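Taking it in order: structure first as structure tokens, then the write-up.
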Ligand code: FES
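Numbering (this note's numbering), first residue to last: 6 to 313.
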């Protein structure tokens with residue numbers, strides 16, 4: 006049945022309201038007619054994106070994106086379900102969530118226009134996630150004053166960051182002696198797991214020089230343990246107001262961290278998840294495999310050690 010003459014229904018999640026949308030009206034026209042305080046900074050011209058809504062249900066009932074909306078969606082890397090309410094008409098019922106609630110939301114959105122479009126709003130991406138930590142760090146930190154600890158860690162980060170970048174990765178975060186590095190975000194190389202494995206190997210080679218420095222100055226030596234996983238994670242620019250950074254979040258990030266910790270159990274230096282090892286098996290066909298449980302995860306997991 007042609008329902009162009011019918012009133013379509015819009016259910017608004019946040020407002021917990023159902024409203025009518027007349028045939029030929031946009032979502033924004035319907036919400037404003039229903040006295041909903043729906044942000045629309047450019048007045049509905051498709052230029053600001055502040056009217057954006059997430060279509061929770063009924064995406065098939067939305068009109069296709071027009072040219073104006075298509076340009077905006079492409080600039081901001083919107084997934085299909087994020088639509089401009091001022092440009093979207095309906096041919097059936099939908100459930101939506103308004104995405105801009107207040108001034109802070111507005112500020113965050115306006116900053117998206119000055120960032121790389123690919124990462125402006127965050128996206129899910131298949132990535133190689135690497136956690137490393139330093140063997141012997143705790144005993145070093147117990148013996149030396151804060152100045153030395155900070156200085157040595159900064160020296161270590163500086164050296165390792167260069168290697169990670171040379172292998173197409175970035176450091177997403179550091180915490181104490183731990184580094185969270187990600188491969189496959191910025192440069193689309195053929196095999197980001199291979200890049201990560203090469204980076205870890207080069208980090209260990211470079212550590213030999215670093216250990217000479219540590220032996221001379223602190224009578225200590227470091228080692229590196231690393232865990233590598235390949236899977237989906239959410240990548241986005243996170244901004245506290247005083248600190249901005251590109252970060253990754255998601256269960257697979259925790260998984261990579263657990264893999265790194267499992268090195269202690271098996272006396273290994275580098276372990277890969279099954280998903281990561283599969284990506285490099287043709288280059289490194291020889292392996293040891295360990296079956297284990299991982300903290301915070303159910304079931305057993307196979308972890309792989311590359312034998313070069
Ligand atoms: S109100 Fe500005 S893009 Fe919709």
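Every residue, glycine too, gets a C-beta built ideally from N, C-alpha and C.
Remember, predicted model here, so these are calculated numbers, not experimental data.
### Task
Please list, in chain order, all residues of the same chain as residue 100 whose beta carbon is under 7 Å from its beta carbon, the five residues on each side excluded.
16, 18, 61, 62 and 63
### Query
What three-state label does DSSP hand residue 123 in the structure shown?
Because the pLDDT at residue 123 is just 49, under 50, the model does not fix this residue reliably, and the point stays unresolved.
#### Entry: Rounded distance between the beta-carbons of residue 226 and residue 237, thought under 8 Å
With a Cβ gap of about 37 Å, residue 237 and residue 226 do not count as contacting.
### Query
Do you know offhand how far residue 294's Cα is from residue 288's?
17 Å
### Task
Quick one: residues with CB closer than 7 Å to any heavy atom of the ligand FES, in chain order, please.
33, 45, 46, 47, 48, 49, 50, 51, 52, 53, 54, 55, 56, 77, 89, 90, 91 and 92
### Query
By a C-beta neighbour count over all protein chains shown, 10 Å radius and 16 as the cutoff for buried, is residue 54 buried or exposed?
buried
### Message
My output table needs one value for residue 251: the three-state DSSP class, helix, strand or coil.
### Response
strand
#### Entry: First and last residue of the uninterrupted alpha helix (DSSP H) at residue 141
Element bounds for residue 141: n/a, residue is neither H nor E.
### Query
Got a sec? Which residues, its chain only, sit under 6 Å from residue 235 by beta carbon, not counting five neighbours each side?
133, 198, 280, 281 and 284
### Query
What distance in whole Å lies between the Cβ atoms of residue 143 and residue 93, which are believed to be in contact at a cut-off of 8 Å?
That pair is no contact at about 56 Å.
#### Entry: Coarse secondary structure for residue 187, derived from DSSP in three states
strand
### Message
Residues in the same chain with beta-carbon distance under 6 Å from residue 182, minus the five sequence neighbours each way, listed in chain order, please.
### Response
138, 139 and 142
### Query
Helix, strand or coil for residue 16 per DSSP?
strand
### Message
Cutting at 7 Å between CB atoms, please list the residues of its own chain near residue 37, excluding the five before and the five after it.
### Response
43
#### Entry: Identity of the residues DSSP links to residue 294 by a beta bridge
309
### Query
Does the distance from the CB of residue 377 to the CB of residue 302 come in under 8 Å?
Because the chain here runs from 6 to 313, residue 377 falls outside it and cannot be looked at.
### Query
The alpha helix (DSSP H) with residue 198 in it runs from where to where?
197-223
### Query
Going by the CB atoms, is the gap between residue 262 and residue 83 shorter than 8 Å?
no
### Task
Kindly list the residues whose CB is nearer than 8 Å to the CB of residue 45, restricted to its own chain and excluding five residues on each side of it in sequence; keep chain order.
33, 37, 53, 55, 56, 90 and 91
### Contact belief for residue 13 with residue 81 at Cβ below 8 Å, rounded distance in angstroms
Going by Cβ atoms, the distance from residue 13 to residue 81 rounds to 26 Å, so no, they are not a contact pair.
### Task
Return the chain-ordered list of same chain residues with a C-beta closer than 6 Å to the C-beta of residue 145, the five sequence neighbours on each side being excluded.
225
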